[in-house]
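Report on the following structure.
Protein chains: 2
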Amino acid sequence: MVNKKRVIQFKTPVYVEERGTAVGPKEGSGPLGHGFDYVFPSLLCGEKDWQTAEKKMTEKAITYCLHKQRLKDNHLDLFIAGDLTNQSTVSSQIARNLHVPFIGSYSACATAIENCIVAGMWINGGGARHVLCASSSHIGGCEKQFRFPIEFAQQKPDTAQTTVTGAGAIILGRHQSMIQMTEGLLGKVIDLGINNPYELGAAMAPAAADTLLTYLQETEQKPSDFDLILTGDLARSGSEIFKKLLREHGVIVSENYDDCGVMMYGTNQQVLAGGSGAGCCATVVFGHIFNEMLANRLKRVLIIATGALHSANTVQQHKTIPCIAHAVVFERRGN
Amino acid sequence: MVNKKRVIQFKTPVYVEERGTAVGPKEGSGPLGHGFDYVFPSLLCGEKDWQTAEKKMTEKAITYCLHKQRLKDNHLDLFIAGDLTNQSTVSSQIARNLHVPFIGSYSACATAIENCIVAGMWINGGGARHVLCASSSHIGGCEKQFRFPIEFAQQKPDTAQTTVTGAGAIILGRHQSMIQMTEGLLGKVIDLGINNPYELGAAMAPAAADTLLTYLQETEQKPSDFDLILTGDLARSGSEIFKKLLREHGVIVSENYDDCGVMMYGTNQQVLAGGSGAGCCATVVFGHIFNEMLANRLKRVLIIATGALHSANTVQQHKTIPCIAHAVVFERRGN
Chain H
0 MVNKKRVIQF KTPVYVEERG TAVGPKEGSG PLGHGFDYVF PSLLCGEKDW QTAEKKMTEK
60 AITYCLHKQR LKDNHLDLFI AGDLTNQSTV SSQIARNLHV PFIGSYSACA TAIENCIVAG
120 MWINGGGARH VLCASSSHIG GCEKQFRFPI EFAQQKPDTA QTTVTGAGAI ILGRHQSMIQ
180 MTEGLLGKVI DLGINNPYEL GAAMAPAAAD TLLTYLQETE QKPSDFDLIL TGDLARSGSE
240 IFKKLLREHG VIVSENYDDC GVMMYGTNQQ VLAGGSGAGC CATVVFGHIF NEMLANRLKR
300 VLIIATGALH SANTVQQHKT IPCIAHAVVF ERRGN
Chain F
0 MVNKKRVIQF KTPVYVEERG TAVGPKEGSG PLGHGFDYVF PSLLCGEKDW QTAEKKMTEK
60 AITYCLHKQR LKDNHLDLFI AGDLTNQSTV SSQIARNLHV PFIGSYSACA TAIENCIVAG
120 MWINGGGARH VLCASSSHIG GCEKQFRFPI EFAQQKPDTA QTTVTGAGAI ILGRHQSMIQ
180 MTEGLLGKVI DLGINNPYEL GAAMAPAAAD TLLTYLQETE QKPSDFDLIL TGDLARSGSE
240 IFKKLLREHG VIVSENYDDC GVMMYGTNQQ VLAGGSGAGC CATVVFGHIF NEMLANRLKR
300 VLIIATGALH SANTVQQHKT IPCIAHAVVF ERRGN
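Note that the protein sequences, when read in sequence, are chains H and F. Everything in the first sequence is counted per numbering that gives the first Met the number 0, starting at 0 for the first residue and increasing by one. Everything in the second sequence is counted per numbering that gives the first Met the number 0, starting at 0 for the first residue and increasing by one.
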């Protein structure tokens, strides 16, 4: 019997060559607002529909990514992207303008990190030197598609989350930089029977716990080996369940644990349990967290991106919600 | 300036360890029907809704894949899957029962081949030894979601295609077998301005031509170097446009060219221009084509899977349809 390890150690070093973020007005006025590259003053971003607004936002994030390093898209070997719109059309429409070989991905709100892991493996396998990844979400598009149009002003329970309007782009590659992606772990799909789309934190927490426990066990590390362990979008209620599940396995995470969906908004912002969406983890990590790493306030960070793999259709069919959590480790190089 | 080659040569050999296919009644009674592992006698596959029927069909294909080799799912290192349902929920619900690390993919009808290329890179990069890939489509689910429920009996033009009800699964890995995946080429997204979802063959043909021309140019090969060049689902109208586009570049494909969407159905079956859908290329290649290769009637086959990256929403917005085509080469080993 072969001892199968799930943690991937990137043998060819994979660096964060560049990153770009663009968000909506609510995210821009939150506590992390100053850390994003661009804040759109309106949800429509000057467009006529939510999907085109989301596309514009992602293109803005990609433009920052490319222009900071004066790169052109012919520098890139591969584009990996996914989003929450049906058939991931925002990403496909962006790919149309990039003229770069394209992999479409879907891992719900964990898409940003699925993309990073696939990019890392591509770089390791010799198939690419520079890979652009993008993911996004938009509250207008998501509410309309998964629930009701926002104009309907639907009332929701406290455990419901607010979709982050934001897009994150990253270029991973072989050019040395200050931040390195050293390890990755693809999650298994876990479904403990929750079928309420207003309880996504509770639905996703077991997947996040499974991924963290697998990671710690395989690498023989403890939570204190990281400056920060960060879940993607469990929000307040889901984070508590995540910590409780870990305690049941004798693992305590507290001071060095946070959640992107909790960090994104201030306590004065009406966001129910906190943020969610494929843009949540992407903007918080590629924006705020990388800023903190560059400023040497964080050196080693474990990201556990969480995704709920449901649709409006499966909710109407009362199907339970399969969830996933993918993990990567980012490390600051040097002092 | 570095000469960037897009064709990926898999340095670590990647073999087709096993494959499984399951289709609906119309596909089963077509000219390739005898080559599929399982034919469901009804479109609902004994279930109550189209999505659950599609899930059952894909699980059947996976079961054949695993049982032919007496494999268990703990043999697998990775599961890669995608389908046409919103948020790819059929694939996610299957992943829930597999307990294998999961990558969600989306490349519309080209998903089967996107999966193969990602799996190949994963095996090359040392991240996995055995990768299960699956993709599927179902006419009931697709018509309801992209157009109108089939009960509505919508009239369509001759260029419209019939969604294949079928699922294909494949295990790619390091165990030597008769069929090897030797090369891959990820497509760029191309959109020449067609916004009519009943003209998908015409929309996708330029992407297929771009991928084939890039492949031939980079590898300095000619169409006659293959026993068969096979597009995924251009169907009759799209195939003619594909051949015309190639002729404009001085490339002639004729005797050794075919299209999965054309091959799937007999001329007596009412399917308009032919088959389409993520299950089309997957079942024809993993079923019929691999059978022909094992029987030594085909030795070297170039598959160009085609995908139209639109949604019901983008169609209603009159947006043009971005299209993609991914290519792989399968070769029979030995005599």
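We put the CB at the ideal spot given by N, CA and C, even for glycine. Every value quoted in this text rests on a predicted model; they were computed, and no experiment measured them.
**OP:** Look up Thr230 of chain H in the DSSP assignment and give the residues it is bridged to.
**Re:** When DSSP reads this structure, Thr230 of chain H sits in a beta bridge with H:Asp258 and H:Ile303.
Query - Distance CB(Asp258 of chain H)-CB(Leu233 of chain H) smaller than 9 Å - result: Contact: yes.
Item checked: Alpha carbon of Gly306 of chain F to alpha carbon of Phe225 of chain H, nearest angstrom -> Their backbone Cα atoms lie some 42 Å apart in a straight line.
Residues bridged to Gln8 of chain H (per DSSP): Beta-bridge annotation (DSSP): Gln8 of chain H is paired with H:Glu182.
Exercise. What residues from the stretch 229-241 of chain H come within 9 Å of chain F, judged by C-beta to C-beta, listed N to C?
Worked result: Listed in sequence order: no entries.
**Asked** Should His325 of chain H be labelled buried (16 or more other beta-carbon atoms within 10 Å of its own) or exposed?
**Response** Flag for His325 of chain H reads buried.
Discussion item. For the stretch 77-96 of chain H, list every residue whose C-beta sits within 8 Å of some C-beta in chain F, in sequence order.
Written reply: Taking 8 Å as the Cβ-Cβ cut-off against chain F, the residues of the stretch 77-96 of chain H that qualify are Leu77, Gly81, Leu83, Thr84, Asn85, Gln86, Ser87, Thr88, Ser91, Gln92, Ala94 and Arg95.
- Message: Which residues in chain F have a C-beta closer than 7 Å to the C-beta of Thr266 of chain H? List them in chain order.
- Response: Simply none; closest approach about 31 Å.
Measuring straight from C-alpha to C-alpha, what distance separates Leu31 of chain H and Ile112 of chain F? Here the C-alpha atom of Leu31 of chain H lies approximately 40 Å from the C-alpha atom of Ile112 of chain F.
Notebook entry, point to check: In chain order, what residues of the same chain lie with their CB nearer than 7 Å to the CB of Ala207 of chain F, ignoring the 5 residues before and after it?
Noted result: For Ala207 of chain F, same chain residues with a beta-carbon under 7 Å away, outside a window of 5 residues either side, are Thr230, Leu233, Phe241, Ile303, Thr305 and Ala324 in chain order.
Run down chain H in chain order and give the residues with a C-beta less than 9 Å from the C-beta of Phe151 of chain F. Here the premise fails: no neighbours, minimum Cβ distance about 18 Å.
| query | Taking Gln268 of chain F as the reference, which of F:Glu26, F:Val188, F:Gly192 and F:Gly249 has the closest Cα? | reply | Of all alpha-carbon atoms in F:Glu26, F:Val188, F:Gly192 and F:Gly249, the one lying nearest the alpha-carbon of Gln268 of chain F is that of F:Glu26.
> With DSSP run on the structure shown, which of helix, strand or coil describes His287 of chain F?
Replying inline: It is helical.
- Given that Leu185 of chain F touches chain H, what residues does it touch there, using C-beta distances under 8 Å? At a beta-carbon threshold of 8 Å, the residues of chain H lying near Leu185 of chain F are Leu77, Pro100, Phe101 and Ile102, ordered along the chain.
For a test of the three-state rule: what should DSSP assign to Leu42 of chain F, helix, strand or coil?
Under the three-state reduction of DSSP output, Leu42 of chain F falls in the coil class, being neither helix nor strand.
(Q) If I follow the unbroken alpha helix (DSSP H) through Asp209 of chain F, where does it start and stop? (A) Leu199 to Thr218 is the span of the alpha helix (DSSP H), which, as asked, contains Asp209 of chain F.
Discussion item. Please tell me whether Leu131 of chain H has its Cβ less than 9 Å away from any Cβ of chain F.
Written reply: No, its Cβ sits nowhere closer than 9 Å to a Cβ of chain F.
Please list, in chain order, the residues of the stretch 304-316 of chain H that have any C-beta partner in chain F closer than 9 Å. For the stretch 304-316 of chain H, which is checked against every Cβ of chain F, the residues closer than 9 Å are Gly306, Leu308, His309, Ser310, Ala311, Asn312, Thr313 and Gln316.
Taking just the CA atoms, how far does Ile189 of chain F sit from Asn255 of chain F?
Those two C-alpha atoms are separated by around 25 Å.
Query raised in the report: Taking the alpha carbon of Arg5 of chain H as the point to measure from, which residue in F:Lys55, F:Arg5, F:His74 and F:Gln86 has its own alpha carbon closest?
Result: Cα-wise, what sits closest to Arg5 of chain H is F:His74.
Q) Is Leu301 of chain F near the ligand COA, in the sense that its beta carbon is under 8 Å from a heavy atom of that ligand? A) For the structure depicted, the ligand COA is absent and the ligand set is empty, with no information on it obtainable.
Q. Is it right to say Asn295 of chain F is buried, meaning 16 or more other beta carbons lie within 10 angstroms of its own, or is it exposed?
A. Using a 10 angstroms sphere on the CB of Asn295 of chain F, the tally of other CB atoms stays under 16, which defines it as exposed.
Any idea which residues DSSP pairs Leu171 of chain H with across the strands? Answer by DSSP bridge pairing, in chain order: H:Val15 and H:Val130.
Cβ-Cβ distance between Leu77 of chain H and Pro100 of chain H below 9 Å: Yes, Cβ-Cβ distance for Leu77 of chain H and Pro100 of chain H is below 9 Å.
| request: Mind checking which residues open and close the beta strand (DSSP E) that includes His325 of chain H? | output: First-last of the beta strand (DSSP E) with His325 of chain H: Cys322 to Arg331.
message: In whole angstroms, give me the CA-to-CA distance for Pro148 of chain H and Gly103 of chain H.
response: So the two alpha carbons sit approximately 26 Å from each other.
Open item on the list: I need the DSSP call for Thr319 of chain H, collapsed to helix, strand or coil.
Closed with: Coil.
Query raised in the report: Considering only C-alpha positions, which residue in the set F:Ile116, F:Ile193, F:Ala277 and F:Leu215 is nearest to Leu171 of chain F?
Result: Put simply, of F:Ile116, F:Ile193, F:Ala277 and F:Leu215 the residue whose alpha carbon is nearest the alpha carbon of Leu171 of chain F is F:Ile116.
Gly34 of chain F versus F:Leu191, F:Leu245 and F:Leu293, residue with shortest Cα-Cα distance:
For Gly34 of chain F, the closest C-alpha among the options F:Leu191, F:Leu245 and F:Leu293 is that of F:Leu293.
- Query: Any Cβ of chain F within less than 9 Å of the Cβ of Val188 of chain H?
  - Reply: With 9 Å as the cut-off, Val188 of chain H counts as an interface residue toward chain F.
Item to complete: Could you spell out the range, first to last residue, of the beta strand (DSSP E) harbouring Ile79 of chain F?
Response: Run containing Ile79 of chain F: Leu77 to Asp82, per the beta strand (DSSP E) assignment.
Assuming Met180 of chain F and Val13 of chain F make a contact with CB atoms under 8 Å, what is their CB distance in whole Å?
Their Cβ separation, rounded to whole angstroms, is 5 Å, which keeps Met180 of chain F and Val13 of chain F in contact under 8 Å.
Please tell me whether Leu301 of chain F and Thr88 of chain H are closer than 9 Å, where the distance is taken between their beta carbons. Judged by their CB atoms, Leu301 of chain F and Thr88 of chain H are not nearer to each other than the 9 Å cut-off.
Grouping DSSP H, G and I as helix and E and B as strand, with all else coil, what is Ala159 of chain H?
Coil at Ala159 of chain H, not helix or strand.
| request: Determine the DSSP secondary structure at Val117 of chain F, reduced to helix, strand or coil. | output: Val117 of chain F carries a helical assignment under DSSP once its states are collapsed to helix, strand and coil.
Can a CB atom of chain F be found closer than 9 Å to the CB of Ile7 of chain H? For Ile7 of chain H, the answer is yes, since a Cβ of chain F falls inside 9 Å of its Cβ.
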